[in-house]
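Position 143 of the sequence shown, counted from 1, bears residue number 143 in the numbering used here, the numbering being contiguous throughout.
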Amino acid sequence: MGSNKGELGTFLRSRRARLKPEEAGLQHYGERRRVPGLRREELAQLAGVSVDYYVRFEQGRAENVSDSVVDAVATALRLGPDERAHLYRLVRPNMGSCASPLPPQEVRPGLRRLLDSMPDTPAVIVGRHTDILAWNDLFAALTVDLSALPPGQRNLTWLIFCHEEARSRYVDWETKARELVAHLRVDHGRHLCDADFAERVARLSEESADFRRLWADQEVREKTHGTFHLRHPAVGELTLAYETLRLADDPDQALIVHTAEAGSPSEAALRIIGRRMHHYARASTE
Numbered sequence: 001m002g003s004n005k006g007e008l009g010t011f012l013r014s015r016r017a018r019l020k021p022e023e024a025g026l027q028h029y030g031e032r033r034r035v036p037g038l039r040r041e042e043l044a045q046l047a048g049v050s051v052d053y054y055v056r057f058e059q060g061r062a063e064n065v066s067d068s069v070v071d072a073v074a075t076a077l078r079l080g081p082d083e084r085a086h087l088y089r090l091v092r093p094n095m096g097s098c099a100s101p102l103p104p105q106e107v108r109p110g111l112r113r114l115l116d117s118m119p120d121t122p123a124v125i126v127g128r129h130t131d132i133l134a135w136n137d138l139f140a141a142l143t144v145d146l147s148a149l150p151p152g153q154r155n156l157t158w159l160i161f162c163h164e165e166a167r168s169r170y171v172d173w174e175t176k177a178r179e180l181v182a183h184l185r186v187d188h189g190r191h192l193c194d195a196d197f198a199e200r201v202a203r204l205s206e207e208s209a210d211f212r213r214l215w216a217d218q219e220v221r222e223k224t225h226g227t228f229h230l231r232h233p234a235v236g237e238l239t240l241a242y243e244t245l246r247l248a249d250d251p252d253q254a255l256i257v258h259t260a261e262a263g264s265p266s267e268a269a270l271r272i273i274g275r276r277m278h279h280y281a282r283a284s285t286e
């Protein structure tokens with residue numbers, strides 16, 4: 001488990017803290033508890049391992065831990081699929097990815113042409129750390145003018161937490177922010193040795209108290225599709241669905257496409273935004 005043992009311990013303690021003894025099927029006699037959630041000895045009992053072994057496991061000192069033990073701990077903690085996968089990545093990180101720096105993120109020409117082929121659909125290509133690698137004009141018109149931002153700020157997480165205009169666009173900002181941070185944990189698990197990621201988290205934590213709060217919750221959840229509500233100055237509120245299409249040969253990149261229900265006011269609002277965008281584009285060239 002190597003240098004990753006701190007991350008493992010923090011994650012396991014956070015999952016123990018959220019689970020009440022009675023929820024895990026343990027008898028609770030109302031005694032005063034010094035820590036929230038399950039104690040280490042209670043979790044060890046549920047997982048069928050000795051207390052000493054679980055303590056060493058949580059501290060990252062249990063070498064060559066078996067899949068059956070990891071599964072037993074995950075089941076005792078009632079981890080969801082994304083959390084279970086994250087636990088496995090913490091226990092068995094891809095140390096091969098630590099041997100050399102990660103390659104620069106580049107969008108291949110075919111994917112960029114695909115993005116350009118859907119001018120009437122807001123779409124964006126997102127890479128590691130939720131970096132925005134490419135986008136079409138309608139996505140920028142729907143959110144913020146990304147071309148006006150320095151490259152270091154073209155990042156979904158930074159926009160949600162640190163850009164006031166982008167933040168104000170989300171009607172239910174708390175839910176969107178929580179989902180994004182939970183996804184960022186998944187992303188982190190893929191490249192645990194990435195020093196650049198640690199620097200970004202430190203910078204976000206310094207700039208945003210909300211990010212510090214949500215990052216400390218240790219939520220892990222992939223979000224491949226869903227709906228959300230936006231507030232746009234030109235058309236008011238609209239509801240959009242999104243689909244995340246991750247590349248089979250490069251899981252660090254994903255094309256995220258946004259749509260509105262056919263015949264809905266939101267679809268009409270998207271058309272209005274598109275027409276205004278094209279009008280301003282023509283005016284600027286005349």
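Positions of the beta carbon are idealized from the N, C-alpha and C atoms, including for glycine.
Since the model is a prediction, treat every value here as computed from it, not as a measurement.
Do residue j and residue i come within 8 Å of each other at the CB atom, strictly closer than that value?
i	j	result
residue 130	residue 156	yes
residue 65	residue 88	no
residue 17	residue 37	yes
residue 224	residue 240	no
residue 207	residue 185	no
residue 77	residue 154	no
residue 132	residue 144	no
residue 142	residue 46	no
residue 238	residue 269	yes
residue 188	residue 197	yes
residue 82	residue 243	no
residue 51	residue 40	yes
Does residue i come out as helix, strand or coil in the three-state DSSP assignment?
i	result
residue 191	coil
residue 241	strand
residue 59	coil
residue 262	coil
residue 46	helix
residue 35	coil
residue 80	coil
residue 305	This structure gives no information on residue 305, because the portion of the chain shown stretches from 1 to 286.
residue 163	coil
residue 277	helix
residue 14	helix
residue 19	coil
residue 92	coil
residue 68	helix
Evaluate residue i with the Cβ neighbour count: other Cβ atoms within 10 Å of its Cβ, from every protein chain shown; 16 or more gives buried, anything less gives exposed.
i	result
residue 175	exposed
residue 34	exposed
residue 7	buried
residue 272	exposed
residue 74	buried
residue 233	exposed
residue 128	buried
residue 177	buried
On the DSSP bridge list, what partners appear for residue i?
i	result
residue 248	In DSSP, residue 248 forms no bridge with anything.
residue 236	232
residue 255	125 and 245
Nearest chain D C-beta to residue i closer than 8 Å, yes or no?
i	result
residue 15	You won't find chain D in this structure, because it holds only one protein chain.
> What runs of the alpha helix (DSSP H), each 4 residues or longer, lie entirely inside the region 97 to 160?
Replying inline: 109 to 116 and 137 to 142
>> My parser needs the alpha helix (DSSP H) runs of 4 or more residues fully inside the region 165 to 231; what are they?
In response: 173 to 190, 195 to 207 and 209 to 216
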